[in-house]
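Some notes on the structure that comes next.
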Ligand SMILES: Nc1ncnc2c1ncn2[C@@H]1O[C@H](COP(=O)(O)OP(=O)(O)O)[C@@H](O)[C@H]1O
Ligand SMILES: [Mg+2]
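Numbering (our numbering), first residue to last: 102 to 339.
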């Protein structure tokens with residue numbers, strides 16, 4: 102079995118969520134983060150399926166529990182296209198410039214397929230801006246042994262064109278992620294010149310060639326996490 106980074110990430114991030122009595126309770130210690138999540142769910146939920154919010158209290162948001170399968174093990178190109186479309190909608194709704202967008206945390210475990218309908222879940226990490234191709238690389242990277250990024254990028258760009266023409270700017274956005282300090286933090290996994298590659302990326306325009314940089318960024322990051330959580334290289338080949 103191939104090591105699955107996403108499954109591993111999921112295991113490590115169970116804090117703050119409880120599934121009981123047919124509902125999902127997400128806990129926030131920070132009120133601003135809680136309000137942020139509610140706002141995102143309401144806005145995005147006008148365009149894609151999200152779990153219904155059943156209750157809100159000072160620290161908790163209670164959601165309906167969706168019975169279905171995580172999109173994590175998906176290798177169906179049609180489903181991936183749908184996920185890309187929904188990602189493009191998210192980015193269009195929460196963008197600063199063309200390419201700097203609110204982080205969707207587009208990892209496939211954050212989508213559940215229930216009776217052929219995709220539900221988008223987990224907005225708790227959407228508190229900062231990233232490059233849109235970083236999220237796209239996160240979405241498509243772990244799913245395919247033979248990546249076909251050209252098609253994925255084309256699909257993404259088509260959807261962005263559709264939505265960006267309809268929707269305006271959302272100025273209520275957060276700080277742009279400091280990629281350079283992330284790279285410094287995991288420098289042992291990056292080529293020395295990688296920081297310069299990030300420097301050359303455009304955060305105001307979407308340029309196809311920038312995808313390659315973020316695809317690489319995600320690969321480095323996967324290595325970094327594997328090391329951080331103490332997974333030996335052997336387990337990748339199990
Ligand atoms: N509304 C929901 N319906 C069904 N399963 C859910 C729901 N919300 C979360 N889950 C399950 O719990 C897991 C973790 O929840 P998630 O919201 O992604 O939190 P985090 O990744 O921050 O721990 C999800 O991957 C999913 O399997
Ligand atoms: Mg999640």
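Virtual Cβ for every residue (Gly too), placed ideally from N, Cα, C.
According to DSSP, residue 118 shares a beta bridge with 127. Distances from the alpha-carbon of residue 182 to those of 254, 148, 155 and 131 put 254 closest. In the same chain as residue 123, and ignoring 5 residues on each side of it, the C-beta atoms closer than 7 Å to its own belong to 166, in chain order. Nearest C-alpha to residue 216 among 301, 201 and 180: 180. The alpha-carbon separation between residue 257 and residue 207 amounts to approximately 13 Å. Taking a C-beta distance under 8 Å as the contact criterion, residue 117 and residue 132 do not qualify as a contact pair. With a threshold of 16 other beta carbon atoms within 10 Å, residue 284 meets it and is buried. Under DSSP, residue 221 forms a beta bridge with 212. Per DSSP, the unbroken alpha helix (DSSP H) holding residue 266 starts and ends at 250-267.
DSSP links residue 170 through a beta bridge to 214. Relative to ligand 2, the beta carbon of residue 210 is positioned inside 7 Å of a heavy atom.
Following the DSSP letters along the chain, one finds residue 282 inside the alpha helix (DSSP H) bounded by residues 280-286. For residue 163, the enclosing beta strand (DSSP E) starts and ends at 161-165. Shown here, residue 235 sits in a helix according to DSSP, grouped into three states.
One thing to note: residue 264 has its Cβ no nearer than 8 Å to the Cβ of residue 312. With a 10 Å radius around the Cβ and a threshold of 16 neighbouring Cβ atoms, residue 218 comes out exposed.
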